[in-house]
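All residue numbers for the sequence shown refer to our numbering, where the first residue is 59 and numbers rise by one. Using N, Cα and C, we set each Cβ at its ideal position, and we do this for glycine too.
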Amino acid sequence: MSCLDYFYFLLSRKDYSASELRKKGQEKGFGNEEILEAIAQIQDRGYQSDTRLVANSIASAAGKYGKSAIKRKCLQKGITSDLFEQVWEEEIAENLDSEAAKLAELKAKVMRKYKIDAWSKVDPKTKGKVLNYLQYRGFNAFELWRQWQTEEDEE
């Protein structure tokens, strides 16, 4: 099995970043030159794209995880920070309305889960749980908390 065939086999199962493909090829024992040529061919044919991989990761995790959690997953896959930021800005510009809707869904979910009626009347123990819940999912917890409190005050 050639390096190119091996990469086709891998990409038929799921998306991989170029960095992950390089590691997989080295683990399989292929030469560095052969790996780079195979990756270039696959990218030319449109079978592998780091930009597409980042966009798919952002789309699948939107509403469930925050920017930092998604970025961490992409960095683990060998995606550069600059590429992630570029794709993040493009995705946010395209999906500004849906992002607000997903944050509203998250707010409703948190209010249901922790039985919160008013953000100003939350006891410290519950506040800590909510902040941990948000931080664990990669959101800026304090920023969201302040945003939700000011929304409540305006109403």
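- Judged by DSSP secondary structure, Lys187 falls within the alpha helix (DSSP H) whose first and last residues are Pro182 to Tyr194.
- Here the alpha carbon of Gln84 sits roughly 15 Å from the alpha carbon of Tyr66.
- When C-alpha distances from Lys135 are compared across Tyr191, Glu201, Asp211 and Lys82, the shortest belongs to Lys82.
- Two segments are said to touch when three or more pairs of C-beta atoms, one from each, lie closer than 8 Å; by this definition the stretch 109-121 does not touch the stretch 87-100.
- Going by DSSP, Asp108 is part of the alpha helix (DSSP H) stretching over Asp108 to Ala119.
- If you check the CB distance, Gly124 and Arg195 come in under 9 Å.
- In the displayed model, Tyr66 falls within a helix according to three-state DSSP.
- One alpha carbon belongs to Arg204, the other to Val145, and they sit about 27 Å apart.
- With contacts defined as CB atoms closer than 9 Å, Leu79 and Gln106 qualify as a contacting pair.
- In the DSSP assignment, Tyr123 is bridged to Ala120.
- For the options Lys86, Ser126 and Glu149, the alpha carbon positioned closest to that of Asn114 is the one of Glu149.
- In the displayed model, Asp175 falls within coil according to three-state DSSP, outside both helix and strand.
- Taking the Cα of Tyr74 as reference, the smallest distance to any Cα among Leu161, Leu62, Ser60 and Leu111 is reached at Leu111.
- The beta carbon of Ser126 sits closer than 6 Å to those of Gly196, all from its chain and outside the five residues before and after it, given in chain order.
- Contact check for Ile128 against Asp108 fails: the beta carbons are separated by 9 Å or more.
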